[in-house]
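Here's the structure, in structure tokens; my notes come after.
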Ligand SMILES: C[S@@+](CC[C@H](N)C(=O)[O-])C[C@H]1O[C@@H](n2cnc3c(N)ncnc32)[C@H](O)[C@@H]1O
């Protein structure tokens, strides 16, 4: 889109150097930029911020978009060691939407994501059974090549207290490549080594750990860690358009990657900045060879 053959623009330059000329129309201002650790955060709507990025500029995308399953105004009280209660009035982004609206939302951000991914690079998108079906259809509609549906099995998921259906212990993460062309960016050998020398399967078991954040949907670091190790190399750039509590940036920083995050809620942006600055503890790698 904004790239010419004579002057290829690297996303790292664009997002990290803040060069005004590199933006064809407007330059977003970062909420937070840890220059030393190369972690950058934009506060805003990813639907508009992604449009400002040049074509073919990021090495991997990790996205945990809204599931659109929340009822309006619900207050969830919890005594599980996380923040004590969560008022969904403050999470309008997660409210239910019509199927058509969800389709259009996912179509909009995934169109831009595909455009800015480098050739052979991949996107990882998580979701529940409510949301992932629509994401799957949109990915295929846009020309992504779906590589795997990775089943995230939470070993310590809570029971279904009412006994009205089965205990839900999984989420799905779709892993897809920009398109069918070129070699897939995949650190196959690393993942095999991490799995004791045996080919890693698409079922990822993990134990959910508690955290002190006031965010209702923080991803477990081990899941993001495995995705980043599989889909990117040290020094490369990972992008997360729905940063939440900043897990992607936190893990990317710990693994020596650059990271660009976008988050619409300024309170979450402050949480992300604090987290990257180490207020809630340093990154500790969960996978070992
Ligand atoms: C499911 S949470 C992501 C959680 C994140 N993976 C983590 O580990 O903390 C989705 C996040 O997307 C943000 N969000 C919703 N719509 C957005 C949009 N259009 N642009 C940017 N962020 C958005 C919400 O504020 C919320 O924090």
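Residue numbers (the numbering used here): 20 to 308.
Each residue gets a CB set at the ideal place from its N, CA and C atoms; glycine is no exception.
| message | Check for me: the beta strand (DSSP E) holding residue 278 runs from which residue to which? | response | Mapped onto the chain shown, residue 278 falls at position 259. 277-282 is the span of the beta strand (DSSP E), which, as asked, contains residue 278.
| field | Inter-residue spacing [alpha-carbon to alpha-carbon] between residue 194 and residue 142 | value | Sequence index remark: in the chain shown, residue 194 carries index 175 (1-based). Sequence index remark: in the chain shown, residue 142 carries index 123 (1-based). Looking at the two C-alpha atoms, the distance is approximately 6 Å.
| said: Buried or exposed for residue 131, going by 16 or more other Cβ atoms inside 10 Å? | reply: Counting from 1 along the chain shown, the entry for residue 131 is found at position 112. Buried: at least 16 other Cβ atoms inside 10 Å.
| request: Measuring alpha carbon to alpha carbon, tell me which of 147, 259 and 275 ends up nearest residue 281. | output: Along the chain shown, one-based indexing puts residue 281 at 262. Measuring from the Cα of residue 281, the nearest candidate turns out to be 259.
| Integer Cβ distance of residue 62 from residue 50, believed to fall under 8 Å | The count along the chain shown starts at 1 and reaches residue 62 at position 43. The count along the chain shown starts at 1 and reaches residue 50 at position 31. Confirmed, Cβ separation roughly 4 Å.
| query | Going by other Cβ atoms of all chains shown within 10 Å of its Cβ, with 16 needed for buried, is residue 207 buried or exposed? | reply | Position 188 of the chain shown, counting from 1, holds the residue named residue 207. By the neighbour-count rule (16 or more Cβ atoms within 10 Å), residue 207 is not buried but exposed.
| query | Which whole-angstrom value is the C-beta distance of residue 197 and residue 138, which I expect to be below 8 Å? | reply | One-based indexing of the chain shown puts residue 197 at position 178. One-based indexing of the chain shown puts residue 138 at position 119. The Cβ separation is near 6 Å, so the contact holds.
| Check: residue 170 C-beta below 7 Å from any heavy atom of ligand 1 | The sequence position of residue 170 within the chain shown is 151, counting from 1. No, the beta carbon of residue 170 sits no closer than 7 Å to any heavy atom of ligand 1.
| field | C-alpha distance - residue 17 paired with residue 252, whole-angstrom precision | value | Nothing in the structure corresponds to residue 17, since the chain is present only between 20 and 308.
| residue 81 lies in the beta strand (DSSP E); which residues open and close that run? | As a working note, residue 81 is residue 62 in the chain shown. Residue 81: member of the beta strand (DSSP E) spanning 77-82, first to last residue.
| task | Under 8 Å by Cβ, that's how I've got residue 266 and residue 238 pegged, so tell me the actual separation to the nearest angstrom. | result | Taking the chain shown and counting its residues from 1, the one referred to as residue 266 is at position 247. Taking the chain shown and counting its residues from 1, the one referred to as residue 238 is at position 219. Their Cβ separation, rounded to whole angstroms, is 5 Å, which keeps residue 266 and residue 238 in contact under 8 Å.
| How big is the Cα-Cα spacing for residue 64 and residue 71? | If you number the chain shown from 1, residue 64 lands on position 45. If you number the chain shown from 1, residue 71 lands on position 52. Answer to the nearest angstrom: the Cα atoms are 12 Å apart.
| query | Hey, would you say residue 232 sits closer than 8 Å to residue 273, going by beta carbons? | reply | Position 213 of the chain shown holds residue 232. Position 254 of the chain shown holds residue 273. No. Outside cutoff.
| request: Pull up the DSSP beta-bridge partners for residue 224, would you. | output: Here the question's residue 224 lines up with position 205 in the chain shown. The partner list for residue 224 (beta bridge, DSSP) reads 172.
| request: In the DSSP assignment, find the beta strand (DSSP E) that holds residue 190 and state where it starts and stops. | output: Here the question's residue 190 lines up with position 171 in the chain shown. Residues 189-196.
| task | Compare the Cα-Cα distances from residue 294 to each of 189, 145, 270 and 144 and report the closest residue. | result | Position 275 of the chain shown holds residue 294. When each option's Cα is compared against that of residue 294, the closest is 270.
| message | Whole angstroms are fine: how far does the CA of residue 149 sit from the CA of residue 185? | response | Position 166 of the chain shown, counted from the start, is the residue given in the question as residue 185. Position 130 of the chain shown, counted from the start, is the residue given in the question as residue 149. Approximately 15 Å between the Cα atoms of the pair.
| Can you name the start and end residues of the alpha helix (DSSP H) that residue 59 belongs to? | Position 40 of the chain shown holds residue 59. Annotation: residue 59 is outside any alpha helix (DSSP H); the continuous beta strand (DSSP E) that includes it extends over 58-62.
| Cβ separation of residue 140 and residue 79, assumed to be a contact under 8 Å, to the nearest whole Å | The residue you call residue 140 lines up with position 121 of the chain shown. The residue you call residue 79 lines up with position 60 of the chain shown. At roughly 6 Å, the Cβ-Cβ gap stays under 8 Å, so residue 140 and residue 79 are in contact.
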